[in-house]
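What follows is a set of notes on a single structure, which appears directly below.
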Amino acid sequence: KAGVTQTPRYLIKTRGQQVTLSCSPISGHRSVSWYQQTPGQGLQFLFEYFSETQRNKGNFPGRFSGRQFSNSRSEMNVSTLELGDSALYLCASSLSGRAWETQYFGPGTRLLVL
Amino acid sequence: AQTVTQSQPEMSVQEAETVTLSCTYDTSESDYYLFWYKQPPSRQMILVIRQEAYKQQNATENRFSVNFQKAAKSFSLKISDSQLGDAAMYFCAYRRGGFSGSARQLTFGSGTQLTVLP
């Protein structure tokens with residue numbers, strides 16, 4: 672079974688631009704979570720989607736948004752980029768998002784904002 | 023809010039030796055799950071081991087085992103017979119039980135960078 676894939680792997684943007692990151696979960700997984708990883712703040716939860724519905728959201732400004740499609744693929748969007756948005760964005764999938772399920776992570780998208 | 027603390031930013035171990043990474047957490051919940059994830063230089067997070075809070079027996083996966091002390095809210099990871107491939111950043115993570123809200127997210131510690139010396 673193919674693992675979680677994320678595209679693109681690397682991105683360079685400038686302040687004020689917007690960016691869209693994509694995540695394809697493991698086949699059969701319906702829950703997709705997004706995390707931001709930075710040296711200063713560590714790993715922080717962004718949001719989780721299940722069956723095209725956002726089930727939980729972390730403490731991030733409204734510039735961060737996401738969605739999930741009927742095939743469980745998910746995208747996250749960051750508008751009006753700031754320098755502090757430079758980070759590794761990780762996507763994780765699980766069968767249904769239940770607490771005891773293992774979350775499988777993708778390789779991440781590294782975003783650099785100049 | 024739940025917090026996860028890893029007090030050892032860096033640790034090193036000689037190849038074939040044993041090392042223990044520490045983790046403490048704070049929660050008022052009785053139903054929760056604890057995880058250790060490994061992040062090698064490739065940045066891909068890999069689950070090492072998990073522990074259900076309701077289980078008294080410590081989890082074991084080959085060379086990896088945990089010491090789960092529920093009353094002390096401590097969850098340490100022991101790596102036996104350390105190998106060069108074990109070198110990575112290790113994250114302790116917590117997840118509340120249930121189906122809604124914060125049960126649907128992992129809360130991570132700040133990580134411990136493990137170096138394995140040949």
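Sequences listed follow chains A and B, in order. Mind the numbering: the first sequence is residues 672 to 785 in my numbering, read in order. Mind the numbering: the second sequence is residues 23 to 140 in my numbering, read in order. A virtual CB, placed ideally from N, CA and C, is assigned to each residue, including glycine. If you're wondering where the values come from, they're calculated on a predicted model, not measured in any experiment.
For residue i and residue j, I'd like the C-alpha separation in whole angstroms.
i, j, result
"leucine 69 of chain B", "glycine 131 of chain B", "14 Å"
"glutamate 39 of chain B", "serine 102 of chain B", "6 Å"
"leucine 106 of chain B", "proline 778 of chain A", "21 Å"
"arginine 118 of chain B", "leucine 136 of chain B", "27 Å"
"asparagine 727 of chain A", "serine 87 of chain B", "31 Å"
"serine 104 of chain B", "glutamine 28 of chain B", "20 Å"
"tryptophan 58 of chain B", "leucine 752 of chain A", "32 Å"
"serine 722 of chain A", "serine 767 of chain A", "9 Å"
"methionine 33 of chain B", "alanine 770 of chain A", "30 Å"
"arginine 85 of chain B", "glutamine 774 of chain A", "21 Å"
"isoleucine 683 of chain A", "glutamate 719 of chain A", "25 Å"
"valine 26 of chain B", "threonine 46 of chain B", "6 Å"
"valine 35 of chain B", "valine 41 of chain B", "6 Å"
"leucine 785 of chain A", "cysteine 114 of chain B", "32 Å"
"isoleucine 71 of chain B", "arginine 701 of chain A", "23 Å"
"glycine 733 of chain A", "serine 743 of chain A", "22 Å"
"alanine 673 of chain A", "leucine 714 of chain A", "24 Å"
Which residue's Cα is closest to the Cα of residue i: the options?
i, options, result
"glycine 711 of chain A", "A:Ile697, A:Ala763, A:Ser757", "A:Ser757"
"lysine 95 of chain B", "B:Pro62, B:Tyr55, B:Gln127, B:Asn84", "B:Tyr55"
"alanine 109 of chain B", "B:Thr82, B:Val138, B:Tyr116, B:Lys100", "B:Val138"
"tyrosine 112 of chain B", "B:Gln24, B:Met67, B:Thr49", "B:Met67"
"tyrosine 116 of chain B", "B:Ser50, B:Arg85, B:Gln79", "B:Ser50"
"tryptophan 705 of chain A", "A:Phe731, A:Gly687, A:Lys672", "A:Phe731"
"glutamine 689 of chain A", "A:Glu772, A:Ser750, A:Ser765", "A:Ser750"
"glutamate 74 of chain B", "B:Gly133, B:Gly120, B:Ser124", "B:Gly120"
"proline 63 of chain B", "A:Gly737, A:Ser765, A:Leu759", "A:Leu759"
"glutamine 24 of chain B", "A:Phe716, A:Ile697, A:Gly737, A:Ser743", "A:Phe716"
"leucine 128 of chain B", "A:Arg781, A:Gln708, A:Pro696", "A:Gln708"
"glycine 755 of chain A", "A:Ala673, A:Val675, A:Gln677, A:Leu782", "A:Leu782"
Please state whether DSSP places residue i in a helix, a strand or coil.
i, result
"arginine 781 of chain A", "strand"
"aspartate 48 of chain B", "strand"
"leucine 754 of chain A", "helix"
"glutamine 697 of chain A", "Note on identity: in this sequence residue 697 of chain A is isoleucine, with glutamine being the wrong assignment. Looking at isoleucine 697 of chain A - three-state DSSP - the assignment turns out to be coil, as it is neither helix nor strand."
"phenylalanine 718 of chain A", "strand"
"glutamate 60 of chain B", "First, the amino acid is wrong: residue 60 of chain B is lysine here, not glutamate. Strand, per DSSP."
"leucine 759 of chain A", "strand"
"valine 675 of chain A", "coil"
"leucine 766 of chain A", "coil"
"arginine 744 of chain A", "coil"
"glutamine 791 of chain A", "Only positions 672 to 785 of chain A appear in the structure, and residue 791 of chain A is not among them; the question remains open."
"arginine 734 of chain A", "coil"
"serine 34 of chain B", "strand"
"serine 702 of chain A", "strand"
"arginine 726 of chain A", "strand"
"glycine 711 of chain A", "coil"
Quick check on residue i - is its C-beta less than 8 Å from some C-beta in chain E?
i, result
"serine 87 of chain B", "Although the question refers to chain E, the structure presented lacks it and instead comprises the protein chains A and B."
(message) Ignoring anything shorter than 3 residues, give me the beta strand (DSSP E) runs that lie fully in the region 67–138 of chain B, in order along the chain.
(response) Fully enclosed beta strand (DSSP E) runs of 3 or longer: 68–74, 86–91, 96–101, 110–118.
(request) Closer than 7 Å, Cβ to Cβ, to anything on chain B: give me those residues from the region 757–785 of chain A, in chain order. (result) Flagged, chain order: Leu759, Leu761, Gly768, Arg769, Ala770, Trp771, Thr773, Gln774, Phe776, Pro778, Gly779.
(message) Beta carbons nearer than 9 Å to chain A: which residues of the region 33–58 of chain B have them?
(response) Listed by position, the residues of the region 33–58 of chain B near chain A (Cβ gap below 9 Å) are Asp53, Tyr54, Tyr55, Phe57.
(request) With 9 Å as the C-beta to C-beta threshold (strictly closer), list the residues of the region 115–132 of chain B near chain A in chain order. (result) Along the region 115–132 of chain B, going in chain order, the ones with a CB nearer than 9 Å to a CB of chain A are Ala115, Arg117, Arg118, Gly119, Gly120, Phe121, Ser122, Gly123, Ser124, Ala125, Arg126, Gln127, Leu128, Thr129, Phe130, Gly131, Ser132.
(request) Residues of the region 68–81 of chain B with a CB closer than 9 Å to any CB of chain A: list them in chain order, please. (result) Taking 9 Å as the Cβ-Cβ cut-off against chain A, the residues of the region 68–81 of chain B that qualify are Ile68, Leu69, Arg72, Glu74.
(message) Tell me which residues of the region 704–722 of chain A have at least one Cβ-Cβ distance to chain B shorter than 7 Å, keeping chain order.
(response) From the region 704–722 of chain A, only Ser704, Gly713, Leu714, Phe716, Glu719 have a Cβ closer than 7 Å to chain B.
(request) Below 8 Å between beta carbons is the criterion; list the residues of the region 723–748 of chain A that meet it against any residue of chain B, in chain order. (result) Listed in sequence order: Arg726, Asn727, Gly729.
(request) Could you please tell me which residues of the region 83–113 of chain B, in chain order, have their CB closer than 8 Å to any CB of chain A? (result) Contact annotation: in the region 83–113 of chain B, residues whose CB is within less than 8 Å of a CB in chain A are Phe113.
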